[in-house]
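This report refers to the structure that appears directly beneath it.
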Amino acid sequence: MDKQLKKALDECERLKEENRRLRALLGIPGEKQKQNKYSTDTASFSSRDRIAIFRSFFRGREDVFALRWENRHGRSGYSPACANEWKRPLCEKPRLKCADCENRELLSLTDDIVYDHLSGKHTIGMYPLLPDETCWLLAVDFDKSVWQEDAEAFLKTCDDMGVSAVLERSRSGNGGHVWIFFES
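Numbering follows UniProt numbering, in which position 50 of the sequence shown is assigned residue number 50; successive positions increment by one, without gaps.
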């Protein structure tokens, strides 16, 4: 077994060297020389900087946001964040739905809320459609057994059309979201 492993490692090194030689011959930068146009050293960014960057991409309504919840049976979802949620006698959940509550006081999205989201204290959702029916982003959801193939096909189409798009794996791991961010 050691002989086979050594042979495989030697072949791997030979192929790496051949790749380096061919890259140099063709003028193609090596793997370590490649730079992602979005990569940067984030170690020096303050919390305020990180929040500003996050909010510059994930822009939507500022007057409301959603909080993720999970019940004791494992069911989960998102609901608009309310200042009076579960505060008796103002909140009559579960007898009365939030949408029908006269005491509903929706919370605005603040930097503190975003900080808590980024630090894992809670998970928030946003409402991307603005009152004037415009938005700053598009999120396309892929799931089912072929989600990876579907997402790859969508990303290829975006690339063919010159549209920048980013794939994110979903919380469950059984799906993904392709994000497209608009500049104007």
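Glycine is no exception: its CB is placed at the ideal position from the N, C-alpha and C atoms. Bear in mind that the values here come from a model prediction, so they are computed numbers and not experimental data.
- Taking the Cα of Leu137 as reference, the smallest distance to any Cα among Leu15, Ser164 and Leu26 is reached at Ser164.
- The criterion of a C-beta distance shorter than 8 Å is not satisfied by Ala81 and Ala99.
- In the three-state DSSP reduction, Asp141 falls in the strand class (E or B).
- The DSSP-derived three-state label of Ala99 is helix.
- When DSSP states are grouped into helix, strand and coil, Leu107 belongs to the coil group.
- In the pairwise beta carbon analysis, the stretch 53-64 is classified as touching the stretch 97-113: at least three pairs are separated by under 8 Å.
- Glu70 is bridged by DSSP to Ser76.
- Straight across, the Cα-Cα distance linking Ser170 with Asp111 is about 24 Å.
- In this structure, Phe154 lies away from Val166, with their beta-carbon atoms at least 8 Å apart.
- If you look at Trp179, you'll find it in the beta strand (DSSP E) that goes Gly176 to Phe181.
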